[in-house]
Each structure stands twice: as structure tokens, then as C-alpha cells.
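J.:
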Amino acid sequence: MAIAKTIEPDQDHTHPVVELRVRATPDQLSVLRALAATVAIHEDFDLDSIADIKLAMDEICTQLIVRATPDALLVCRLQFLDGTLRVDVSSTTTSVDSLGERSFAWHVLNALTDSLDLKQEPDPSTAGFVTTMEFTKVKNGLSL
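The sequence shown begins at 1 in the UniProt record's numbering and counts up by one.
#1: Can you tell me which of the three DSSP states L64 falls into?
#2: Taking 8 Å as the limit between beta carbons, can you name the residues of its chain near L81, skipping five residues before and five after?
#3: Among D58, V66, F129, which residue has its Cα nearest to the Cα of residue 146?
#4: Could you check what DSSP says for T38 in three-state terms: helix, strand or coil?
#5: Suppose only complete runs of 4+ residues qualify. What are the alpha helix (DSSP H) ranges in the region 49 to 113, listed by chain order?
#6: Please name the residue, chosen from V17, L109, D48, that lies closest to T62 on a Cα-to-Cα basis.
#7: To the nearest angstrom, report how far apart R21 and A111 are at their CA atoms.
#8: Under three-state DSSP, which class holds residue 149?
Below you can see the structure in the form of C-alpha cells.
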């Protein structure tokens with residue numbers, strides 16, 4: 001299994017971060033959805049928001065999995081702070097592509113979340129790119 005050297009754990013211990021690293025394969029989607037739902041339930045999100053979070057996690061992970069390099073990892077981080085759940089998912093992908101604002105997946109994710117961001121950087125240890133997608137969901141309709 002490849003090591004994602006450019007994706008390091010969050011070192012800020014003042015606000016706990018739940019982090020899970022799994023193979024970038026479709027059979028891991030149920031685990032990632034369950035993780036997102038569990039964190040949202042623990043933080044007392046309403047049922048509609050929990051469903052949105054699970055769907056957003058599924059969509060982001062699916063988009064990264066289909067673009068992942070062989071033996072890549074998905075690194076998922078979830079952090080709840082000031083009424084907002086922040087989720088970011090990273091993987092090493094094969095190329096920079098049209099995962100951005102004009103894609104159908106982006107529109108779906110925009111409808112499910114309160115904010116959405118995509119970052120891609122060349123990975124010096126492989127021929128690929130470290131791709132990170134991040135979203136936030138505000139608890140119970142609070143404003144950012």
C-alpha cells in the first residue's frame with residue numbers, strides 16, 4: 001500500500017480531529033459514510049443534516065476513488081468547531097481534471113453542504129496529484 005507522505009495529521013490538539021485512513025477503493029465507502037454519520041449524530045445534528053453529510057461524504061469519496069492512483073489511500077478528517085462540521089478528504093489522484101465547479105458532482109455537493117473547496121497539488125513522490133476536497137455543514141441552520 002502506498003504511503004501518502006504529503007498528507008500529515010492535523011497537529012492542532014486544541015480542537016480534536018477524527019482521522020481515518022483507508023484504501024481508496026469502493027468497498028470502503030460504507031465505512032466512511034458511517035464515520036461521517038456517527039460524528040454528526042454525536043454532535044447532535046438533525047436527521048436531514050445527517051443525511052446530507054452522509055451523501056456528501058459518499059460523493060466526495062467516490063469522486064476521489066475513481067481518480068485515485070493504484071494503491072492510493074483516502075485520508076478523511078472530521079472536526080466539529082463552533083457549530084460547524086468540517087470534513088476534508090484527500091487522496092493521490094492520477095491527474096488534474098474537471099472535478100471543479102462546472103461538474104454535476106460539484107452542483108450536488110453544493111446543494112448538500114454549506115461550503116465546498118477543492119485543492120490539487122503535484123505529488124513529488126508520484127506522478128500524481130494530492131487532491132483534497134473539503135466541505136462544511138453548519139449545525140441546525142446556524143449561520144456562518
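Beta carbons: idealized from backbone N, C-alpha and C, even for Gly.
T.: The short version:
#1: When DSSP states are grouped into helix, strand and coil, L64 belongs to the helix group.
#2: The answer, listed in chain order, is H15.
#3: Shown here, the chain extends from 1 to 144; a query on residue 146 therefore has no answer.
#4: Here T38 sits in helix by DSSP.
#5: The region 49 to 113 contains these whole alpha helix (DSSP H) runs: 104 to 112.
#6: When each option's Cα is compared against that of T62, the closest is L109.
#7: Rounded to the nearest angstrom, the gap between the Cα atoms of R21 and A111 is 27 Å.
#8: As shown, the chain starts at 1 and ends at 144. That puts residue 149 outside it, with no answer to give.
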